[in-house]
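K.L.:
For the record, in the sequence shown the residue sitting at position 41 is 74 according to the numbering used here, with numbers rising by one throughout.
Here it is, the structure, as structure tokens.
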Amino acid sequence: CYISNVFRFQEPRMGHDQEFFQVGAELIGIDGIEGDVEAILLASNLLKKVGIDDFIINIGHIRFLEGLLDDLELNLDIRQKVIQTIWEKNFVLLEELLKGIDTSKNKIKEILLSLNKFYGGIQMLHELMKFPLNDKAKGSLTQIIELAEMIKACSNVTLTFDPGLIKSQDYYTGINFEIYSPKAGFPLGSGGRYDNLLNKFDGSRPATGFALVEEALLSLLERSIVDSYEPCYVLYDKQSFIQAFKKAEELKNQDKIVKLTPFKREFLDKIKSRDKKCNICIFCNGKLLEK
């Protein structure tokens, strides 16, 4: 496990920093699908621990696209361009690149041009299984189905499948995933299997892992805090302080944020116009008039 700053070249765009902080974990030495399950569940549990429950884990597999492209027998240059356009979700350019494909490959071409239509629940995997896939592509779908079943048996996690999920890093070798929240317009993190990466550092061992983007998590948590801030105003006249104070204490015991203040009409109008989410209790002559 680690918490560290990371430097990565990205095309200069607003909101895309070259340096950012990651929280992550690497599981080295386990080559079975159990390692991928453990990594995904660890990422999921970590998000829940810090208070983020509303998220989706989007799963893909590098070997699925490799299997499709192997059948097309493209030259290396075109193959790389096809991979790039799929990563960019540019299906107009993808159709242009696949125009000259032999008609005997039309089924594979159909899948590639319809990748976005197969995004969704894990049931989409069974739809893809109906196509004439080679062993590499079919084996990758079988792995994802197995992984999804194991995750569902261990935890309540929302999973989706994206057959066109590709990473900009070329060292991923198997299952890969990204984590999103409907409350954020950016990924919270990502991960996957990279069995060959350690070869570059004189160590041939299977590995999988994930990284969560610290800034993304903090941004989402700050937004959740703001959304959950619902102050309670308890207003009172001179004859009602004791009743109002007791009400304020009752609300505080419910973990509410309470503002106890003397009643003034201009103040009441101000908070009603400024804060639509607030709760207001008004005491007059010892009685609760409005809640």
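Ideal Cβ positions, reconstructed from N, Cα and C, are used throughout, including at glycine.
Here the structure is a predicted model, which means the values were calculated and not measured.
1. Can you give the beta carbon distance from PHE124 to LEU146, rounded, assuming they're within the 8 Å contact cut?
2. Pick from THR191, ARG226, GLY133 and LYS142: whose alpha carbon is nearest that of GLN176?
3. Please classify ASP69 as buried or exposed, where buried requires at least 16 other C-beta atoms within 10 Å of its C-beta.
4. If you follow the alpha helix (DSSP H) that PHE300 is part of, which residue opens it and which one closes it?
5. Give the straight-line distance between the Cα atoms of MET157 and LEU251, rounded to the nearest whole angstrom.
6. Measuring alpha carbon to alpha carbon, tell me which of LYS138, THR294, GLU248 and ASN149 ends up nearest LYS122.
7. For a test of the three-state rule: what should DSSP assign to PHE42, helix, strand or coil?
8. On the three-pair Cβ rule with 8 Å, is the region 178-198 touching the region 66-84?
9. Going by DSSP, what residue range makes up the alpha helix (DSSP H) through THR241?
10. Nearest-angstrom Cα distance between LEU245 and LEU166?
11. Among ASP103, LEU180 and GLY153, whose alpha-carbon lies nearest the alpha-carbon of PHE194?
12. Roughly how many whole angstroms lie between the Cα atoms of GLY93 and GLU211?
13. To test your reading of the DSSP string, which unbroken alpha helix (DSSP H) runs of 4 or more residues are found completely within the region 73-139?
14. Which word fits ILE36, buried or exposed, when buried means at least 16 other C-beta atoms lie within 10 angstroms of its C-beta?
15. Whole angstroms is fine: what's the gap from TYR213's alpha carbon to GLN55's?
16. Answer yes or no: do LEU322 and ILE313 have a C-beta to C-beta separation smaller than 8 Å?
P.N.:
By the coordinates alone:
1. 6 Å
2. ARG226
3. buried
4. 298-307
5. 33 Å
6. ASN149
7. Its pLDDT being 49, under 50, PHE42 is placed unreliably in this model, and the coordinates cannot settle the point.
8. yes
9. Careful: THR241 lies outside any alpha helix (DSSP H), inside the beta strand (DSSP E) at 240-246.
10. 34 Å
11. GLY153
12. 9 Å
13. 95-105, 109-120 and 124-130
14. exposed
15. 16 Å
16. no
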